[in-house]
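Top line first, the protein sequences correspond to chains A and B.
Numbering that gives the first Met the number 0 numbers the first residue of the first sequence as 0 and each following residue consecutively.
Numbering that gives the first Met the number 0 numbers the first residue of the second sequence as 0 and each following residue consecutively.
Quick reminder that beta carbons are idealized off the backbone N, C-alpha and C, glycines included.
Read the structure below first, then the notes.
There are 2 protein chains.
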Amino acid sequence: MNDRAVVLVSGGLDSATVLAIARHEGYACHALSFDYGQRHGVELVAAARVARLAGAVEHRVVKVDLAAFGGSALTDVTLAIPETSTDGIPITYVPARNTVFLALALAWAETLEARHLFIGVNAVDYSGYPDCRPAFITAFERLANLATKIGVEGGAIEIHAPLINLTKAEIIRRGTELGVDYAATVSCYQPSRNGEACGSCDSCRIRRAGFQVAGAVDPTRYCCRTGQ
Amino acid sequence: MNDRAVVLVSGGLDSATVLAIARHEGYACHALSFDYGQRHGVELVAAARVARLAGAVEHRVVKVDLAAFGGSALTDVTLAIPETSTDGIPITYVPARNTVFLALALAWAETLEARHLFIGVNAVDYSGYPDCRPAFITAFERLANLATKIGVEGGAIEIHAPLINLTKAEIIRRGTELGVDYAATVSCYQPSRNGEACGSCDSCRIRRAGFQVAGAVDPTRYCCRTGQ
Numbered sequence: 000m001n002d003r004a005v006v007l008v009s010g011g012l013d014s015a016t017v018l019a020i021a022r023h024e025g026y027a028c029h030a031l032s033f034d035y036g037q038r039h040g041v042e043l044v045a046a047a048r049v050a051r052l053a054g055a056v057e058h059r060v061v062k063v064d065l066a067a068f069g070g071s072a073l074t075d076v077t078l079a080i081p082e083t084s085t086d087g088i089p090i091t092y093v094p095a096r097n098t099v100f101l102a103l104a105l106a107w108a109e110t111l112e113a114r115h116l117f118i119g120v121n122a123v124d125y126s127g128y129p130d131c132r133p134a135f136i137t138a139f140e141r142l143a144n145l146a147t148k149i150g151v152e153g154g155a156i157e158i159h160a161p162l163i164n165l166t167k168a169e170i171i172r173r174g175t176e177l178g179v180d181y182a183a184t185v186s187c188y189q190p191s192r193n194g195e196a197c198g199s200c201d202s203c204r205i206r207r208a209g210f211q212v213a214g215a216v217d218p219t220r221y222c223c224r225t226g227q
Numbered sequence: 000m001n002d003r004a005v006v007l008v009s010g011g012l013d014s015a016t017v018l019a020i021a022r023h024e025g026y027a028c029h030a031l032s033f034d035y036g037q038r039h040g041v042e043l044v045a046a047a048r049v050a051r052l053a054g055a056v057e058h059r060v061v062k063v064d065l066a067a068f069g070g071s072a073l074t075d076v077t078l079a080i081p082e083t084s085t086d087g088i089p090i091t092y093v094p095a096r097n098t099v100f101l102a103l104a105l106a107w108a109e110t111l112e113a114r115h116l117f118i119g120v121n122a123v124d125y126s127g128y129p130d131c132r133p134a135f136i137t138a139f140e141r142l143a144n145l146a147t148k149i150g151v152e153g154g155a156i157e158i159h160a161p162l163i164n165l166t167k168a169e170i171i172r173r174g175t176e177l178g179v180d181y182a183a184t185v186s187c188y189q190p191s192r193n194g195e196a197c198g199s200c201d202s203c204r205i206r207r208a209g210f211q212v213a214g215a216v217d218p219t220r221y222c223c224r225t226g227q
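Dropping the structure here:
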């Protein structure tokens with residue numbers, strides 16, 4: 000068995016849990032993050048911390064200029080982050096983000112000769128993004144096996160999405176069992192410079208409710224707006 | 000009909016022909032090139048020239064650091080470009096390149112609300128790359144329709160690969176009919192700084208043979224090594 004895996008690590012709660020699961024399953028984990036023009040660098044600092052704490056073999060940050068295309072409140076400073084729930088696909092959606100991220104993870108997997116990719120997408124508490132659904136993951140796996148030298152010449156490439164059918168509370172329970180330190184993670188769409196969460200964006204709301212439902216202590220450092 | 004298209008333009012012969020075909024079919028073409036850590040910038044200069052000559056609406060160059068992963072003679076200066084044909088997938092293959100490029104084209108297409116992507120892959124004279132085959136294109140089209148807001152909410156996204164079943168000679172004949180100026184293109188894997196082709200790499204050999212078979216004048220500027 001080739002036990003190398005490329006694990007997408009954003010610095011958030013979900014991908015920290017995925018990394019812990021991949022390590023628990025015995026994979027040598029190569030953690031990958033992207034500097035994609037997101038508004039803040041706080042999550043990349045958190046990603047490095049998460050990778051180190053989980054015992055990843057290495058952690059790379061690759062630059063890819065998604066902000067060049069605009070269209071998302073996560074990369075475009077002229078668009079406001081919504082502070083209440085919205086119907087449909089929200090403005091925080093980054094066009095084709097998971098497609099781009101998995102494509103780059105696949106490129107690294109080819110050079111590492113790794114046949115396993117891990118991604119923390121979630122179809123339950125997923126903010127309505129189309130590229131977080133099981134059908135997307137299945138389609139990408141099929142593509143990966145047609146697109147690559149390792150897929151064509153060697154064994155199958157597998158895309159692992161171990162959180163895809165879990166609620167946020169179930170994710171938190173699983174990570175807690177595996178010893179994930181969620182204080183090291185940042186999920187907020189608009190954290191302060193020192194990494195405090197706003198407490199009011201979609202991501203904060205889903206995360207906070209997850210800790211409540213899981214009956215776990217929420218270690219998130221919130222800024223002044225948490226009273227909401 | 001939404002007649003906007005994102006067209007991948009590398010600066011080479013194939014993508015210049017694709018752009019001419021897309022324009023001929025009436026699409027408003029948004030040309031996209033990548034600064035992906037390739038050894039030379041000559042092809043990006045050629046891409047800008049090709050986009051301008053073809054009347055593209057705009058031309059963007061997006062940075063994506065594929066060289067961070069290594070593994071290809073096109074991005075890794077420690078690996079030599081082969082000057083004779085090789086069996087199997089050659090060292091000039093850039094891991095998952097077309098997957099990454101189409102993923103980024105898809106991201107731009109989403110923000111433009113364009114439903115058409117054009118790529119100059121070719122399964123006949125294709126150097127043995129896995130991501131140049133029809134099955135790869137079909138799998139990417141399926142993925143694109145699952146991965147995106149426009150795919151989910153609106154009509155279908157189409158990936159056009161008009162060269163996929165053409166020989167190099169047929170591509171050259173088609174482009175010539177459409178008025179493509181091939182002197183503006185650079186196909187060589189190791190051109191000189193002023194854009195002269197080496198005449199001996201895989202790409203040069205395939206291109207030169209294409210002009211011979213097409214019975215067309217080869218306008219390529221070769222450097223001193225062309226005597227080979």
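I think residue i touches residue j, with their Cβ atoms under 8 Å apart; what is that distance to the nearest whole Å?
| i | j | result |
| --- | --- | --- |
| residue 15 (chain B) | residue 179 (chain B) | 5 Å |
| residue 48 (chain A) | residue 183 (chain A) | 5 Å |
| residue 99 (chain B) | residue 103 (chain A) | 6 Å |
| residue 147 (chain A) | residue 109 (chain A) | 5 Å |
| residue 113 (chain B) | residue 30 (chain B) | That pair is no contact at about 12 Å. |
| residue 107 (chain A) | residue 68 (chain B) | 5 Å |
| residue 216 (chain B) | residue 117 (chain B) | Actually they do not touch by this definition, with Cβ atoms about 26 Å apart. |
Whole angstroms is fine: what's the gap from residue i's alpha carbon to residue j's?
| i | j | result |
| --- | --- | --- |
| residue 42 (chain B) | residue 33 (chain A) | 26 Å |
| residue 196 (chain B) | residue 158 (chain B) | 30 Å |
| residue 150 (chain B) | residue 128 (chain A) | 12 Å |
| residue 2 (chain B) | residue 26 (chain B) | 5 Å |
| residue 58 (chain B) | residue 7 (chain B) | 10 Å |
| residue 193 (chain A) | residue 50 (chain B) | 44 Å |
| residue 227 (chain B) | residue 199 (chain B) | Below a pLDDT of 50, predicted positions are generally treated as unreliable, and residue 227 (chain B), at 40, falls in that range; the measurement from the model is reported next regardless. Cα to Cα, residue 227 (chain B) sits roughly 7 Å from residue 199 (chain B). |
| residue 145 (chain B) | residue 130 (chain A) | 7 Å |
| residue 156 (chain A) | residue 94 (chain B) | 14 Å |
| residue 140 (chain B) | residue 214 (chain A) | 43 Å |
| residue 0 (chain A) | residue 132 (chain B) | Bear in mind that a pLDDT of 46 at residue 0 (chain A), under 50, signals an unreliable position, so the number given afterwards is only what the model happens to contain. The alpha-carbon atoms of residue 0 (chain A) and residue 132 (chain B) are separated by roughly 29 Å. |
| residue 202 (chain A) | residue 115 (chain A) | 27 Å |
Looking at C-alpha atoms only, which residue of the options is the closest neighbour of residue i?
| i | options | result |
| --- | --- | --- |
| residue 22 (chain A) | A:134, A:161, A:110 and A:65 | A:161 |
| residue 45 (chain B) | B:219, B:210, B:220 and B:185 | B:185 |
| residue 172 (chain A) | A:4, A:19 and A:94 | A:19 |
| residue 181 (chain A) | A:219, A:112, A:25 and A:31 | A:219 |
| residue 35 (chain B) | A:94, A:156, A:193 and A:64 | A:64 |
| residue 143 (chain A) | A:211, A:105 and A:7 | A:105 |
| residue 211 (chain A) | A:167, A:193 and A:194 | A:167 |
| residue 204 (chain A) | A:187, A:61, A:214 and A:28 | A:187 |
| residue 189 (chain A) | A:164, A:97, A:138 and A:222 | A:222 |
| residue 138 (chain A) | A:101, A:154 and A:169 | A:101 |
| residue 123 (chain A) | A:163, A:152, A:52 and A:115 | A:163 |
| residue 24 (chain A) | A:55, A:10, A:217 and A:111 | A:55 |
Give the interface partners of residue i over in chain A, defined as CB-CB distance under 9 Å, in chain order.
| i | result |
| --- | --- |
| residue 63 (chain B) | 61, 62, 63, 64, 99 and 103 |
| residue 129 (chain B) | 145, 146, 147, 148, 150, 151 and 152 |
So what's residue i in DSSP terms, helix, strand or just coil?
| i | result |
| --- | --- |
| residue 215 (chain B) | coil |
| residue 64 (chain A) | coil |
| residue 140 (chain A) | helix |
| residue 221 (chain A) | strand |
| residue 96 (chain A) | helix |
| residue 34 (chain B) | strand |
| residue 187 (chain A) | coil |
| residue 57 (chain B) | strand |
| residue 3 (chain B) | strand |
| residue 157 (chain A) | strand |
| residue 27 (chain B) | strand |
| residue 196 (chain B) | strand |
So with CB distances below 8 Å, who are the chain B contacts of residue i?
| i | result |
| --- | --- |
| residue 138 (chain A) | 138, 141, 142, 145 and 146 |
Could you name the residues of chain B that residue i contacts, counting a contact when the two beta carbons are closer than 7 Å?
| i | result |
| --- | --- |
| residue 135 (chain A) | 145 and 146 |
| residue 67 (chain A) | 59 and 61 |
Which chain A residues sit within Cβ distance under 7 Å of residue i?
| i | result |
| --- | --- |
| residue 234 (chain B) | This structure cannot speak to residue 234 (chain B), because chain B is shown only from 0 to 227. |
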